[in-house]
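Colleague: If you read the protein sequences in the order shown, they are chains A, B and C. Start counting at 1 in the first sequence, then tack on 10, and there's your number in my numbering. Start counting at 1 in the second sequence, then tack on 226, and there's your number in my numbering. Start counting at 1 in the third sequence, then tack on 837, and there's your number in my numbering. So that we are looking at the same thing, I have put the structure below in structure tokens.
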Amino acid sequence: MSRLGPDFLPRAIATIALYPEPRSAMLPILHLVQEQNGFLTEEGMAHVAELLGLSQAEVYGTATFYDMFFTHPVGNYLVSVCTNIACLLNGGYELLEHAEQSLGVKAGGTTPDGQFTVEEVECIGLCGNAPCLTVNWRFFGDVTNEGFDSLVGDLTAGRLAETVPPHGTLCRVRRTVGLEAAAAVESTSVPELESGERS
Amino acid sequence: MADAPETSTDTVSITVDGKVIAAQPGEMIIAAAERNGVYIPRFCYHPRMRPVGMCRMCLVQVKGPRGFALSPACYVAVAEGQEVVTDSPEVKKAQDGVLEFLLVNHPLDCPVCDKGGECPLQDQTLTFGPGETRFVEEKRHWAKPINLSDLVLLDRERCIQCDRCTRFADEVAGDPLIEFVGRGASIEVNTFPDLPFSSYFSGNTVQICPVGALTATPYRFKARPWDLEQVESTCTSCAVGCRVAVQSSGAKLTRYLGVDADPVNHGWLCDRGRFDFEAVNSDERVTAPLVRKGDELIEASWGEALAAAAKGLADVTKLHGKGSVAVIGGARLPNEDAFAWAKLAKVVLGTDHVDCQLGDGLPAAAVLGLPRATIDDACRAPVVILLGPDLKEELPVLYLRLRAAAVDGKTKIVELTPHSTGLTRYAAASLGYRPGEVALLARALVEGGGGEDADVAGVSAAAIAAARELISAGNAVVVLGRPSLAEYGSSVAEAAGVLARLPGARFLPALRRANVHGALDMGLAPGVLPGRVALADGRDWFGREWGALPAEPGLDTLGILTTAADGRLQALILLGADPANDFPDRQLARRAIAGAGFVVAVDTFLTDSSRHADVVLPAATYAERAGTTTNLEGRVSRLGQKVTPPGVAWPDWMIASELAVRLGGDLGFDSLESIWAEIERLAPSHAGLTTATLSARASRDGVVTPLPAAPTEATADTDDEAAGADATGEAPVNRPALLSFAAPERAGDVPALDSYSLRLVTGHKLYDSATSVRRSPSLAGLVAKGKLRVNPYDLDRLGLTTGGRIRLQAPRATMVLEVVADAGVPRGSASLPFNLPSEPAADLIDGSLAVNDVRIETT
Amino acid sequence: MATTVAPIVTAHIGTPDSHTLRGYLASGGYEALRKAVTTMTREEVQTEVDTANLLGRGGAGFPAGRKWSMLRKADPTYLVVNGDESEPATFKDHMLLEEDPHQIIEGTIITAYAIGAAQAFIYVRGEFALGIERMTQALNEAYGHGAAGNRIFGSDFSLDVVIHPGAGAYICGDETALLESLEGKRGFPRIKPPYFPAVMGLYGAPTIVNNVETMSNIPWIVVNGGAAFAALGEPQATGTRLFAVSGHVKKPGNYEVELAKNTFRDLIYDPRFGAGIRNGAELKAFIPGGASSFWFGPDRLDMALDETKVKGEGGSMMGSGSIIAMDSSTCMVRAAWRLVRFFSRESCGQCTPCREGSSWLDKIMYRIEAGDGRPDDLDLLMDVCDNISPGVQWPSRWPPNMTTICPLGPSIPPPIVSALGMFRDEFLTHIKDGACPYG
Ligand SMILES: Cc1cc2nc3c(=O)[nH]c(=O)nc-3n(C[C@H](O)[C@H](O)[C@H](O)COP(=O)(O)O)c2cc1C
Ligand code: SF4
Ligand code: FES
């Protein structure tokens, strides 16, 4: 499944309608591609280009500017450890090292089972609870080494499914209101898809 | 005449390094300073593109409310009283700093870099730069050069992120296929994965890259800049006539660079124009005269070949009369040569069956006789009406200019076209008409009327009304050429006659061959004489010097080929023309060449036409000879000679002169200057345009004819010659008036389309089977396969799927090819490129029909 | 001595369900909006904000009322709210987005009313997933409540608000980069002139860009009047402000205090706020206004929280309102390196000095911290900094000069120049010993 499928295409079209100019929907729609596919597949980016009336290079060039977009597969859990100043002062690098050791991958890498990707990130704005990290962009503060290990345990056991949605899911709340144009599109049926492109 | 003093409202005075200079309001400091002799270093700034201020090399001090502050000269506009300092220690430190920053990650591979020797980064490092590097860390590394396209390579380590190539692709070419990828220090220029930078204009990025990051495959490692010699010239790949610098190394052409001619190309070239010089270097050029011995063409001396040609032509004339010889071609000749050949044909051979357009143009009077506009006029017109070919494919830099004008909101485009073109997406209105019915559409557009809500030519009344609203402002410029080669050109001429009635309408002809407009000006067309004069009107004026001229207007190419195929015309001269490939009805052309008893070809290669000739005379081509050429505006500009012709090839005018002598005539020319003097003297449209004017510096961008002051009406002659004429006792002869276009009669209706058929539409692709493309290795591989484009509605109706293979049937031929759905093709039509090596529409066309219909079957 | 006033922007935080409509209404939510659109003219709202002298809370500290009055007359105009908060150690907007989304929406709609915006966009940092969800939920509720959308509270003012997610790029906090990003492009800051989005902003239309906290102040000002707001603090630094205190303090967190009446010492040492340095250690230095500000030593602790003083006397800035305390166990080379590395990773890449300079400085600093420094490096560091921000020096001066398009360029030197200025010995020890003395 690479192009936006029936669960996502209507959302994408409704999103475009929110803006005076279609291109503005670029980032929200790329998030949708990532929510569907786990990363920005080439077909997914090409589909975005089609929807926004842009060249594929324009979509690719824009997407690669932003850290949250991946053009290669990442694990089911993206563990982002902050090492910026407040965390540095409170053991951020030690936490990152621990994460690398305990998962057995270097920052930037993914565990062989495809479960965890560890990355080092810049300040994620939870400095009052340093050191901190996010898993699939859900925040965890005051993380000790033991805390990290039990977090991994909880994730693996599926105990955090409520808090931590699958990687790529930015917003679980649907916009249900607003622009007439968007509302109109939302209520219409899914535009035709070429059958081969669903999976 | 003294210049009027400049008024203060027109200029802004600013102080640069203590000197007061006059600047244009709104211009950037960098440009104002440069015009006044102060060069501010820069990398990202390019005068033809939006400033981005990225490289920061142009930092200068500008005085503001809080004293002098460093500001980029490339995007700070001049303001009255502004104080600028470009040479202070602060400025020097800032610029040195930027240069050092640029070099920290730049490889020091100048000795093997193509840009070495002409690299602004290298130059500025030598001029300004710090001697030793303070950077001890490891440089950024990228995998070695990557192919952005078949023509352009990128070495990312050398890239300094100036945004020139990416800006060009997006802003100028409209092909945003290369982009910055990544962020910060890891930013790179790249394409979408596996989607090449296939733009017709990609070579420009190589030219404007300020370092050696982008290189063109045809030039890579071929030469070092200091070995190159250069001459300014005019590109002759199409009729836009872009100004170029032609460079050679040794005896070979190595590179073309665009020259910034303000009225024409703004420094840009299309890739065909930039790279098809490779054909000039080709080993397959005809280098010696050839004479047929049985089935073979055998090398001969000029004497033998010219004698054979003269004998063949004289025999035919003796036996069948003067009208038995015809001359086809000449659109690839410079003006002087076209003039010499026109004189040879019309005076020495005494035939008016002369035509430089190969049935893919318009009646000569429609090109020569309508009020003309320049490219600038079109770009500034309230509305441009496009009634011609896909400019992106046929006249690429005109496409660039019009695209920019439309994108910038300087003009609006209204397009009358039988299939979507490169400009369709920029057009305010695009009326997709049914082939053959464009005159009806033009009438409905200009006159209104018709059934108020009836479709006309397949276009809805609402669309016509909307377009009428757009052109109602008046002063439209009509870009006039052949929208499709599968319909009669006369229907387009008829439409032009209708559009000519729009108040203030002017025309920019859009025929594509390099000097077709010059050849028409020089009289290489039936019924006209040099200088845009009708044969009847100019008979006395020219006759006085030239002697007897043909009694009646001759045949055009279609007429010539039809007559020759029937055996009623006995000799053909092919003047750099390959009708067997280029004439819309190829089958007719092939029969005609076979049917004519005697064929002489003047050519640079053996083509499908010239290889059947009885005598082949090798011609020198552009860059091998001097002369002038005329673009579609009527702009005469100079050609530069850079290399010598291969073997014993001659310039065409010399061939004409020598042939004339052997036919018992004397053209009276011994140099290009002597020809030009006669053009200037006799050709009314070129009166006043002397060699001196043409070679003046002010004429660097060429001179548009006729000159504004040129007499278009009769004036008394005062020169010696006129006096001589008077001395004979004859009444003085007046210079004839320029011809004007009389709109043709309303043609009959085209036949109705049956529901099983589709009406054929065809035009050229930029990369086609032309000799210059085929013989240029870098371009030959870019030629695509022909696909039939059909409206999705018809595809559905006929039960076909996009991408499927179909059998295309026409009375002339059947071919199997791929069909694709394209909403840009109106219902009921089918579009196929004219001249691709495989699946050419040219094989399908019957030139005797107003329109050509085809049928599609599944295979 | 710290003064206390009733909080303005954090009034609801900690109340039950502060992020829901129910919770918000329980503490008087949306009354300001109702008052504005049903009883006040646009000009009256503008006047109150002008009177309040509310300084922008996004970092540049420009008076909101004055900014609004600069809006070029044209149709349409837009309002864009900057919730991209990514400045290291700044986490105040993060809290507001998650805990009090309705207050932001209410402030946004009042502002849109005041400036006559055709549409409002709230750009939320992509990594704030929960914030985005809460904002979206709150927006759904606000429409349902009649506070957004068509004919707000029965007035003839209608407005669509869009929550726009970012995707991870610090530079998009810069207002012109943010607009580019909102247009669906790479976040490249725009060249100036034109200097203000109020003249040419989103899609070239006049646009007001204000910070999330700035917006959060608007409802209070409408309810209580601009004069009441201006009565807090000092005339040039009115109202309260939310400060993010982090680093080696006992109680890191966001604290709302009255401006000008409080000092850095209050924020770091007052038991209600930072509560002093952990483990009984000494304060070595603190960063007064986010990663881009010049550092202060303990001698500046008693400086009032007043931007004019911090800039004028201190040669630094309060910037994004984040204060980072570093105790005596901190390796200053390492701290400065980490900040420089941040800028190097976040440089958008347009300007040569920023793109190349930041990564060069990152490499030199890393080398020194790792023990591979050379004696020449210290002069080199200063000179490279000088090539990015000409005239940069210690003691510092505000504002720094720049050679770049946006202020990120001149933000690179302050950590290095501060650390070198205050702790040159530590650099020398690293170089001499070939190792970090702090291990
Ligand atoms: C590099 C850089 C990053 C910035 N980041 C933010 C930010 O995260 N949030 C913010 O509100 N303003 C940020 N700003 C300031 C904005 O450009 C702008 O001044 C502010 O959003 C205006 O809102 P205000 O007037 O309400 O403060 C940043 C500026 C720069 C140069
Ligand atoms: S200073 Fe840095 S971040 Fe700002 S525009 Fe220039 S390169 Fe981008
Ligand atoms: S030339 Fe001005 S910044 Fe590049």
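For every residue, glycine included, the Cβ atom is placed at its ideal position computed from N, Cα and C.
1. Kindly give me the distance between the Cβ atoms of MET280(B) and ASP389(B), rounded to whole angstroms, as I take these residues to be in contact under 8 angstroms.
2. Starting from the N-terminal side, write out each stretch of the beta strand (DSSP E) that is 3 residues or longer and does not extend beyond the segment 587-614 of chain B.
3. Could you give the DSSP three-state label for GLN1035(B): helix, strand or coil?
4. Taking the straight line between their C-alpha atoms, what separation do you get for ALA426(B) and ARG812(B)?
5. Spell out whether any CB of chain B is found under 7 angstroms from the CB atom of GLN111(A).
6. Could you work out which residues of chain A lie near GLU970(C), taking near to mean beta carbons separated by less than 8 angstroms?
7. Using only Cβ atoms and a threshold of 7 angstroms, which residues come within that distance of a heavy atom of ligand 3? Order them by chain position.
8. How about CYS92(A): is its C-beta nearer than 7 angstroms to some C-beta of chain C?
9. Run the proximity test for ASN1048(C): is its beta-carbon closer than 6 angstroms to any non-hydrogen atom belonging to ligand 1?
10. Classify ALA24(A) as helix, strand or coil using the three-state DSSP reduction.
11. Which of the three DSSP states is assigned to HIS546(B) in this structure?
12. Taking 7 angstroms as the CB-CB limit, is GLY1050(B) close to chain A?
13. Just how far apart, CA to CA, sit ILE1205(C) and GLU1193(C)?
14. Are the C-beta of LYS1022(C) and some C-beta of chain A separated by less than 7 angstroms?
15. Go ahead and pull the three-state DSSP assignment for MET78(A).
16. For the candidate residues ARG1261(C), LEU1245(C), ASP1262(C) and PRO1089(C), whose alpha-carbon lies nearest to that of ALA1014(C)?
17. Note down the Cα distance separating GLY753(B) from ILE611(B), rounded to an integer number of angstroms.
18. From the DSSP output, in three-state form, read off SER1195(C) for me.
19. Tell me the DSSP bridge mates of THR1051(C)?
20. Contact between the segment 964-980 of chain B and the segment 1057-1069 of chain B is defined here as three or more beta-carbon pairs at a separation below 8 angstroms; is this criterion met?
21. In chain order, what residues of the same chain have a beta carbon less than 8 angstroms from the beta carbon of GLU68(A), not counting five sequence neighbours either side?
22. Secondary structure at TRP452(B), three-state DSSP: helix, strand or coil?
23. Determine the burial state of PHE447(B): buried for a count of at least 16 other Cβ atoms within 10 Å of its Cβ, exposed for fewer.
24. Counting only Cβ-Cβ distances shorter than 7 angstroms, please list the residues of the segment 63-80 of chain A near chain C, keeping chain order.
25. List in chain order the residues whose CB is within less than 6 angstroms of at least one heavy atom of ligand 2.
26. Just reading off the alpha helix (DSSP H) that MET1163(C) is part of, what are its end residues?
27. Would you kindly work out how many angstroms separate the C-alpha atoms of LEU1075(B) and GLU713(B), rounded to a whole number?
28. Measure the alpha-carbon distance for THR443(B) versus THR513(B) and round it to whole angstroms.
29. Taking ASP453(B) as the reference, which of ASP340(B), ALA465(B), ALA924(B) and SER527(B) has the closest Cα?
30. Measure the Cβ-Cβ separation of VAL841(B) and ALA535(B) and say whether it is below 7 angstroms.
31. According to DSSP, GLN321(B) sits in a beta bridge with which residue or residues?
32. What runs of the beta strand (DSSP E), each 3 residues or longer, lie entirely inside the segment 1024-1080 of chain C?
33. Quick one: measure Cβ to Cβ for ILE942(C) and ALA966(C), integer angstroms, because I've assumed they're closer than 8 angstroms.
34. Cα separation between PHE733(B) and VAL703(B)?
35. Closer than 6 angstroms by C-beta to ARG498(B): which residues in its own chain qualify, once you throw out the five before and the five after it? Chain order, please.
36. Between THR1013(C) and chain A, is there a C-beta pair that is closer than 7 angstroms?
Modeller: Let's see:
1. As a working mapping, residue 280(B) is identified with position 54 in the second sequence. As a working mapping, residue 389(B) is identified with position 163 in the second sequence. Confirmed, Cβ separation roughly 5 angstroms.
2. 609-613
3. Position 809 of the second sequence, counted from the first residue, corresponds to residue 1035(B). Looking at GLN1035(B) - three-state DSSP - the assignment turns out to be strand.
4. Within the second sequence, residue 426(B) is the residue found at index 200, counting from 1. Within the second sequence, residue 812(B) is the residue found at index 586, counting from 1. Residue identity differs from the one stated: residue 426(B) is Tyr in this sequence, not Ala. The straight-line gap from Cα to Cα measures roughly 27 angstroms.
5. Counting from 1 along the first sequence, the entry for residue 111(A) is found at position 101. Taking Cβ atoms only, chain B never reaches closer than 7 angstroms to GLN111(A), which makes this a no.
6. Sequence index remark: in the third sequence, residue 970(C) carries index 133 (1-based). Chain A residues near GLU970(C): CYS181, ARG182 and VAL183.
7. ILE256(B), ARG268(B), PHE269(B), CYS270(B), TYR271(B), PRO277(B), GLY279(B), MET280(B), CYS281(B), ARG282(B), MET283(B), CYS284(B), PRO298(B), ALA299(B), CYS300(B), TYR301(B) and CYS388(B)
8. On the first sequence, position 82 is the one that residue 92(A) refers to. So no, CYS92(A) is outside the interface.
9. In the third sequence, the residue the question calls residue 1048(C) occupies position 211. Checking every heavy atom of ligand 1 against the Cβ of ASN1048(C), one is found closer than 6 angstroms.
10. Numbered from 1 along the first sequence, position 14 holds the residue referred to as residue 24(A). The answer is helix: DSSP assigns ALA24(A) an H, G or I state.
11. Locating residue 546(B) in the second sequence gives position 320, counting from the first residue. The answer is helix: DSSP assigns HIS546(B) an H, G or I state.
12. The count along the second sequence starts at 1 and reaches residue 1050(B) at position 824. With 7 angstroms as the cut-off, GLY1050(B) does not count as an interface residue toward chain A.
13. Residue mapping note: residue 1205(C) aligns to position 368 of the third sequence, counting from 1. Residue mapping note: residue 1193(C) aligns to position 356 of the third sequence, counting from 1. Using only the alpha carbons, I get a separation of about 19 angstroms.
14. Along the third sequence, read from residue 1 onward, the residue named residue 1022(C) stands at position 185. Yes - at least one Cβ of chain A is within 7 angstroms of the one on LYS1022(C).
15. Mapped onto the first sequence, residue 78(A) falls at position 68. Three-state result, MET78(A): coil.
16. Translated into positions along the third sequence, residue 1014(C) becomes position 177. Among ARG1261(C), LEU1245(C), ASP1262(C) and PRO1089(C), the Cα nearest to that of ALA1014(C) belongs to LEU1245(C).
17. Within the second sequence, residue 753(B) is the residue found at index 527, counting from 1. Within the second sequence, residue 611(B) is the residue found at index 385, counting from 1. Using only the alpha carbons, I get a separation of about 28 angstroms.
18. Taking the first residue of the third sequence as 1, we reach residue 1195(C) at position 358. Helix, per DSSP.
19. Within the third sequence, residue 1051(C) is the residue found at index 214, counting from 1. Answer is none; THR1051(C) lacks a bridge partner.
20. no
21. Counting from one through the first sequence, the residue named residue 68(A) turns up at place 58. Cβ within range, chain order: ALA59.
22. In the second sequence, residue 452(B) corresponds to position 226, counting from 1. Note: TRP452(B) maps to helix in three-state DSSP.
23. Your numbering for residue 447(B) matches position 221 in the second sequence. PHE447(B) is exposed by the Cβ-count criterion.
24. GLY71, THR72, PHE75, TYR76, ASP77, MET78 and PHE79
25. ILE1008(C), PRO1026(C), SER1184(C), CYS1185(C), GLY1186(C), GLN1187(C), CYS1188(C), CYS1191(C), ARG1192(C), THR1241(C), ILE1242(C), CYS1243(C), LEU1245(C) and GLY1246(C)
26. As a working note, residue 1163(C) is residue 326 in the third sequence. Unbroken run through MET1163(C) is the beta strand (DSSP E), 1159-1164; no alpha helix (DSSP H).
27. Along the second sequence, read from residue 1 onward, the residue named residue 1075(B) stands at position 849. Along the second sequence, read from residue 1 onward, the residue named residue 713(B) stands at position 487. Approximately 7 angstroms, taken between the alpha carbons.
28. Counted from its first residue, the second sequence places residue 443(B) at position 217. Counted from its first residue, the second sequence places residue 513(B) at position 287. If you take the alpha carbons of THR443(B) and THR513(B), they lie about 27 angstroms apart.
29. For this step, residue 453(B) is matched to residue 227 along the second sequence. The residue with the shortest Cα to Cα distance from ASP453(B) is ASP340(B).
30. Here residue 841(B) refers to the residue found at position 615 when the second sequence is read from its first residue. Here residue 535(B) refers to the residue found at position 309 when the second sequence is read from its first residue. The answer is yes: Cβ separation under 7 angstroms.
31. Translated into the one-based positions of the second sequence, residue 321(B) becomes position 95. Bridge partners of GLN321(B): none, in fact.
32. 1044-1048
33. Within the third sequence, residue 942(C) is the residue found at index 105, counting from 1. Within the third sequence, residue 966(C) is the residue found at index 129, counting from 1. Not confirmed; about 18 angstroms, so no contact.
34. Position 507 of the second sequence, counting from 1, holds the residue named residue 733(B). Position 477 of the second sequence, counting from 1, holds the residue named residue 703(B). When rounded, the distance between both Cα atoms is 5 angstroms.
35. Working through the second sequence from its first residue, we reach residue 498(B) at position 272. Result list for ARG498(B): SER463 and LEU992, in chain order.
36. Mapped onto the third sequence, residue 1013(C) falls at position 176. Chain A contact via Cβ: absent.
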